[in-house]
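Novice: As you go down the protein sequences, you meet chains A and P in turn. Note that this note's numbering gives residue 62 to position 62 of the first sequence, counting from 1, and the numbers run on in steps of one. Note that this note's numbering gives residue 1111 to position 111 of the second sequence, counting from 1, and the numbers run on in steps of one. By construction, the Cβ of each residue, glycine as well, lies at the ideal position given by its N, Cα and C atoms.
There are 2 protein chains.
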Amino acid sequence: MEGIHILANLYGCKNNEILLDKMLLEKEIYSLIKKSGLEIVGKCFYKFKGAGVTGIFLISESHVSVHTWPEKDNSLNLDIFTCNVSGNNEDKAKKLFEDLKKLFSPSKIKSKIVRR
Amino acid sequence: MEGIHILANLYGCKNNEILLDKMLLEKEIYSLIKKSGLEIVGKCFYKFKGAGVTGIFLISESHVSVHTWPEKDNSLNLDIFTCNVSGNNEDKAKKLFEDLKKLFSPSKIKSKIVRR
Chain A
1 MEGIHILANL YGCKNNEILL DKMLLEKEIY SLIKKSGLEI VGKCFYKFKG AGVTGIFLIS
61 ESHVSVHTWP EKDNSLNLDI FTCNVSGNNE DKAKKLFEDL KKLFSPSKIK SKIVRR
Chain P
1001 MEGIHILANL YGCKNNEILL DKMLLEKEIY SLIKKSGLEI VGKCFYKFKG AGVTGIFLIS
1061 ESHVSVHTWP EKDNSLNLDI FTCNVSGNNE DKAKKLFEDL KKLFSPSKIK SKIVRR
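1) Taking the continuous alpha helix (DSSP H) assigned at A:Ala8, which residues delimit it?
2) What does P:Asp1079 pair with, by DSSP beta-bridge criteria?
3) What residue from A:Met1, A:Glu2 and A:Tyr11 has the CA that sits closest to A:Lys110's CA?
4) Would you please verify whether the beta carbon of P:Ser1060 is less than 9 angstroms from any beta carbon of chain A?
5) Quick check: the stretch 11 to 27 of chain A against the stretch 101 to 108 of chain A, are at least 3 beta-carbon pairs closer than 8 angstroms?
6) Quick one: is A:Glu2 near chain P, going by C-beta distance under 9 angstroms?
7) Within 9 angstroms of any Cβ in chain P, is that where the Cβ of A:Ser86 sits?
8) Starting from P:Ser1031, find everything on chain A with Cβ-Cβ shorter than 8 angstroms and list it in chain order.
9) How would you label A:Asn74, buried or exposed, when you count the other beta carbons within 10 angstroms and need 16 or more for buried?
10) Of the choices A:Asp21, A:Arg116, A:Lys34 and A:Ser36, whose alpha-carbon is the least far from that of A:His67?
11) At a CB-CB cut-off below 7 angstroms, which residues of chain P make contact with A:Ser107?
12) Taking the alpha carbon of P:Glu1071 as the reference point, which residue from P:Gly1087, P:Val1053 and P:His1063 has its own alpha carbon closest?
13) Kindly give me the distance between the Cβ atoms of A:Lys115 and P:Leu1007, rounded to whole angstroms, as I take these residues to be in contact under 8 angstroms.
14) A:Asn89 to P:Lys1108, Cα distance in whole Å?
15) Does the beta-carbon distance from A:Glu61 to A:Cys83 come in below 9 angstroms?
16) Taking the straight line between their C-alpha atoms, what separation do you get for A:Gly3 and A:Gly37?
17) Just to confirm, is the Cβ distance from A:His5 to A:Ile59 under 9 angstroms?
18) Please compile the residues from chain A whose C-beta is within a distance smaller than 9 angstroms of the C-beta of P:Cys1083.
19) State the start and end residues of the unbroken beta strand (DSSP E) segment that holds P:Ile1109.
20) Using a C-beta to C-beta distance shorter than 7 angstroms, which residues of chain A count as neighbours of P:Tyr1046?
21) So if DSSP puts P:Gly1042 in a beta bridge, which residue, or which two residues, is it bridged to?
22) Distance cutoff 9 angstroms, beta carbons only. Does P:Phe1009 sit that close to anything in chain A?
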């Protein structure tokens, strides 16, 4: 199924508390996905001892994943992949990306959009 | 954290039974990730009623995700993202991709490697 995949590395996040806090990270991303209109069908998060958090929300349209690296310049890897199962979801993916950037407040972003 | 991300769409999978079978899909991907030497830390799979399966394995090195579309030319979207937390995991990611292609046996593949 074709869709849009946003791959991003965010560095120097000013909201660095969230990079270490599994529950808070889940809660905030959950709220933003709900706001975006994408449909959550599952999730899995894992906290590394004394380090970051890795997690994913499965959505009907594909997935949103995050891997945080508080120990590496307060950075994280973020993916938003939405396929076009229920119409074109590109705008929802891009809006969610904007909202997630606001949440983490990075000083530097490396991102790429792949249409796949 | 920098790493390699393989994004692939596989079409016309001859092993189409697995695209509909959540338990089988989980089991086979689990075995191949274990074989690759990557470390599983979590997983979440969801079956759409009368349709495909969406799922992810969280690994210490990032994630492996799959979204199957038995109703769309027996296709699937596959991602293998490995960061270089414990040395360079590029060879493991590529070997796993080869093993997963053998598992699904597609007639056509569209893939891209992003170093991110």
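Specialist: So, from the data block:
1) No alpha helix (DSSP H) contains A:Ala8, which is instead part of the beta strand (DSSP E) from Gly3 to Tyr11.
2) P:Leu1007 and P:Ser1065
3) A:Tyr11
4) yes
5) yes
6) yes
7) no
8) Under the 8 angstroms cutoff, chain A gives no residues; its nearest Cβ is about 19 angstroms from P:Ser1031.
9) buried
10) A:Asp21
11) Correct list: empty, because the minimum Cβ distance to chain P is about 17 angstroms.
12) P:Val1053
13) Reading off the sequence, residue 115 of chain A comes out as Arg, not Lys. With 8 angstroms as the limit, A:Arg115 and P:Leu1007 do not qualify as a contact, their Cβ atoms being about 10 angstroms apart.
14) 25 angstroms
15) yes
16) 16 angstroms
17) no
18) His67, Trp69 and Asn77
19) Lys1108 to Arg1115
20) Val41, Gly42 and Leu58
21) P:Leu1058
22) Reading off the sequence, residue 1009 of chain P comes out as Asn, not Phe. With 9 angstroms as the cut-off, P:Asn1009 counts as an interface residue toward chain A.
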